[in-house]
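Student: Mind having a look at this structure? Questions to follow.
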Amino acid sequence: MSRRIGQKGNVFQHSQNWEPTGKTYGRFWVDVPDCKRRRKIIALGVCRTQSIAKRRLREFIETTGVNNKQTFTSTTAPATTLRVQAEKWIASLSTRRRKPVKPATIFGWQHALDKWILPNIGDMLLSEVSNGMLRGLVCKMAAAGLSPKTIVNYAQVVKLVLASCVNDDGEQIHPRKWNHDFIGLPIVEKEKQHRPSVTETELVEILASTKKRYAVLFALLAGTGLRIGEALGLKPTDLSPDCRVLHVRRSIWHGQEQLPKTPSAVREVDIAEPLARLVRGDVGGKTAYLFETASGRPLIQRNVLGMLHATGKKVGFHAFRRFRTETLRRARVPEDLIKLWLGHSKQTVTDYYASGLSKDLAWRQECCERVGLGFSLMGLHGLQNVAPIDEVKVA
């Protein structure tokens, strides 16, 4: 390829002499997967002169990228299906040196592959994965009633798999210029996305209708804004002696410890005194995790969700996180402190300038007490704690 100077092709007509009104054709060489080259002939229409025909042929060769290095690499690469490349891609995500992917994210991408992508286009060659192919997949997903956000996420997985196929120099073998208008990729309108929360009344009802071990967990989620994996990963040593501050150092996913979601998620979270008093009464006797089974293992997220739904409230754990965010916003808590407590990343240079505020414990706890919880813990302090038991599997 490095010795090629680029072909111009040649033009011809079937008549012996050039006919200004006759049909004109162009021919040139194209690379094929068996590493050989073959002739290709295209119709150029009616060309009054040979110069016009040659110009049209040159424009076609330039537009289609016949002389490009990328085209040569793509057409002569070993024939690989999307299914085979997807397996290689998934296997590399958790072990790559730069930005390894969390197991929960890999699980979601694998689900997209198994449910939609591989059954529909898994046996297609990577060279055949195009805007038209992706358009067909998007149409099928839309017809099945998938939400715009889900369709966008699944289409992104296709793009990531294709982009992961690179040569020895790290260059994409099958680069694509995606046309979202042609594909029909839906636009995600954030204001229309489903983001359920809970009200103060609903939260009190949840706490009153479940066992204390779960009530303490739900109260902690709503009173701190912790993610469910972060809460299940808490150990007694992560709490200050007065339980007024907790340190988020790990997360639980499928019963296994992992690092929190992002670097910003490793943080300190202040707890209002009413909730701290409840936690102090619950932490005694715990050895491994704050919310543990009889064997000392962390609670299983699926089973905890079953206990939440058993209260009659069909919401997810993020509803508690949204409730805490709303409570903090109503109290006009500084945005720097909201981001710290929720584990959100800094967005501007000003955020980094004010990073010293996170070390001002007195100021943080003053704001925490001023805000409070936004809900009542009345009745929880008098409940008897439930001894650790083995997890009851929820269907």
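To convert, note that position 327 of the sequence shown is 314 in the numbering used here; the numbers rise steadily by one, no gaps.
Just so it is clear, CB atoms sit at the ideal spot from N, CA and C, and this is done for glycine as well.
It should be emphasised that the depicted structure is a prediction, and the values quoted were computed from it without experimental measurement.
1. For Ala209, count neighbouring Cβ atoms within 10 angstroms of its own Cβ and tell me buried if that reaches 16, exposed if not.
2. Per the contact definition of three or more C-beta pairs closer than 8 Å, is the region 143 to 153 in contact with the region 70 to 89?
3. Out of curiosity, what's the CA-to-CA distance linking Lys102 and His234?
4. Where do the ends of the beta strand (DSSP E) carrying His181 lie?
5. Kindly examine the ligand FMN and report whether one of its heavy atoms sits closer than 7 Å to the Cβ of Thr50.
6. Let's see if you can read the secondary structure: which residues bound the beta strand (DSSP E) around Ala209?
7. Is the region 168 to 184 in contact with the region 132 to 146, if contact means three or more CB pairs nearer than 8 Å?
8. Determine which residues share a DSSP beta bridge with Asp18 and list them.
9. Can you find at least 3 beta carbon pairs, one from the region 348 to 357 and one from the region 280 to 289, that sit closer than 8 Å?
10. Hey, out of Thr8, Pro7 and Gly13, whose CA is closest to Asn(-3)'s CA?
11. Taking only runs that begin and end inside the region 129 to 196, name each unbroken beta strand (DSSP E) of 3 or more residues, in chain order.
12. Throw me the rounded Cβ distance for the Leu327 and Gly212 pair, which I believe falls under 8 Å.
13. Give the DSSP bridge partners of Thr8, in chain order.
14. Look at the alpha carbon of Thr8 and the alpha carbon of Arg35, and state the distance between them as a whole number of angstroms.
15. According to DSSP, simplified to helix, strand and coil, what is Leu112?
16. Tell me which residues share the same chain as Leu265 and place their Cβ nearer than 8 Å to its Cβ, disregarding the 5 neighbours each side in the sequence.
17. Could you tell me if His161 is buried or exposed, where buried requires 16 or more neighbouring beta carbons within 10 angstroms of its beta carbon?
18. For Ile193 versus Gln288, is the C-beta distance shorter than 8 Å?
19. Ser184 and Phe94 look like a contact to me (Cβ under 8 Å); what is the Cβ gap, rounded to whole Å?
20. Going by DSSP in three states, Ala297 sits in which element: helix, strand or coil?
21. Here's a check: name, in chain order, each residue in its chain whose Cβ is nearer than 6 Å to the Cβ of Leu226, leaving out the five neighbours to either side.
22. Below 7 Å CB to CB, which residues in the same chain sit around Gln37 once its five sequence neighbours on both sides are set aside?
23. Mind checking which residues open and close the alpha helix (DSSP H) that includes Ser238?
24. Taking the straight line between their C-alpha atoms, what separation do you get for Phe47 and Arg26?
25. Report the residue from Asp229, Val144, Arg236 and Gly123 whose alpha carbon sits nearest the alpha carbon of Val270.
26. With a floor of 3 residues, list each beta strand (DSSP E) that falls wholly inside the region 247 to 325, ordered by position along the chain.
27. For the candidate residues Glu260, Ala195, Ser196 and Gln245, whose alpha-carbon lies nearest to that of Ala218?
28. For Phe307, which option in Gly272, Arg182, Ile239 and Tyr276 has the closest C-alpha, if you only look at C-alpha atoms?
29. Considering only residues of the same chain and omitting the five flanking positions on each side of Val144, which have a CB-CB separation below 8 Å?
30. Would you call the CB atoms of Phe278 and Arg200 closer than 8 Å?
31. Closest to Lys89 by C-alpha separation, out of Ser345, Thr249 and Pro261, would be which residue?
32. Thr385 and Ala40: beta carbons closer than 8 Å?
33. State the beta-bridge partners of Ala349 as determined by DSSP.
34. Check Thr68 in the structure and name its three-state DSSP category.
35. Please report the distance separating the alpha-carbon of Arg231 from that of Asn118.
36. Cβ atoms of Leu69 and Met111: under 8 Å apart, would you say?
Tutor: The answer reads as follows:
1. So Ala209 ends up on the buried side.
2. Yes, the region 70 to 89 is in contact with the region 143 to 153.
3. If you take the alpha carbons of Lys102 and His234, they lie about 38 Å apart.
4. For His181, there is no enclosing beta strand (DSSP E), as DSSP marks it with neither H nor E.
5. With respect to the ligand FMN, the structure offers nothing, as it holds no ligand at all.
6. Segment Lys199 to Thr211 is the alpha helix (DSSP H) holding Ala209; no beta strand (DSSP E) there.
7. The region 168 to 184 is in contact with the region 132 to 146.
8. DSSP lists Arg24 as the bridge partner or partners of Asp18.
9. Judged by Cβ distances under 8 Å, the region 348 to 357 makes no contact with the region 280 to 289, as fewer than three pairs qualify.
10. Sorting Thr8, Pro7 and Gly13 by C-alpha distance to the C-alpha of Asn(-3) places Gly13 at the top.
11. Counting only unbroken stretches of 3 or more residues, no beta strand (DSSP E) element lies wholly within the region 129 to 196.
12. In this structure, Leu327 and Gly212 do not form a Cβ contact; the two beta carbons are roughly 10 Å apart against a cut-off of 8 Å.
13. Per DSSP, none; premise fails for Thr8.
14. When rounded, the distance between both Cα atoms is 6 Å.
15. DSSP places Leu112 in strand when its eight states are reduced to three.
16. Close CB contacts of Leu265 within its chain, under the 8 Å cut and outside five residues either way in sequence, are with Val203, Ala206, Leu364, Leu367 and His368 (chain order).
17. Per the 10 Å Cβ criterion, buried.
18. Contact flag unset, no.
19. So it is not a contact: roughly 25 Å between Cβ atoms.
20. DSSP, read as helix, strand or coil, puts Ala297 in coil.
21. Residues of the same chain with a CB within less than 6 Å of the CB of Leu226, apart from the 5 flanking positions on each side, are Leu233 in chain order.
22. Here the set comprises Val(-2) and Trp5.
23. Note, Ser238: premise wrong, no alpha helix (DSSP H); beta strand (DSSP E) at Ser238 to Trp240.
24. For Phe47 and Arg26, the gap between their C-alpha atoms comes out near 15 Å.
25. Taking only the C-alpha atoms, the option nearest Val270 is Asp229.
26. Those beta strand (DSSP E) runs which fall completely within the region 247 to 325 and span 3+ residues are 254 to 257.
27. Checked all of Glu260, Ala195, Ser196 and Gln245; the closest Cα to Ala218 is Gln245.
28. If we check each option's Cα against that of Phe307, Arg182 comes out closest.
29. Setting aside the 5 residues that flank it on each side, Val144 is surrounded in the same chain by Trp96, Ala99, Leu100 and Ile104, each with a C-beta closer than 8 Å to its C-beta; the list follows chain order.
30. Yes, Cβ-Cβ distance for Phe278 and Arg200 is below 8 Å.
31. When Ser345, Thr249 and Pro261 are compared, the shortest CA-CA separation from Lys89 is found for Thr249.
32. Within the shown structure, residues of the chain are numbered from -12 to 382, placing residue 385 beyond reach of any answer.
33. Looking at the DSSP assignment, Ala349 forms no beta bridge with any residue, so it has no partner.
34. Residue state for Thr68 is assigned as strand, using DSSP reduced to three classes.
35. Spanning the alpha carbons of Arg231 and Asn118 requires a straight line of approximately 54 Å.
36. Note that the C-beta distance between Met111 and Leu69 is below 8 Å.
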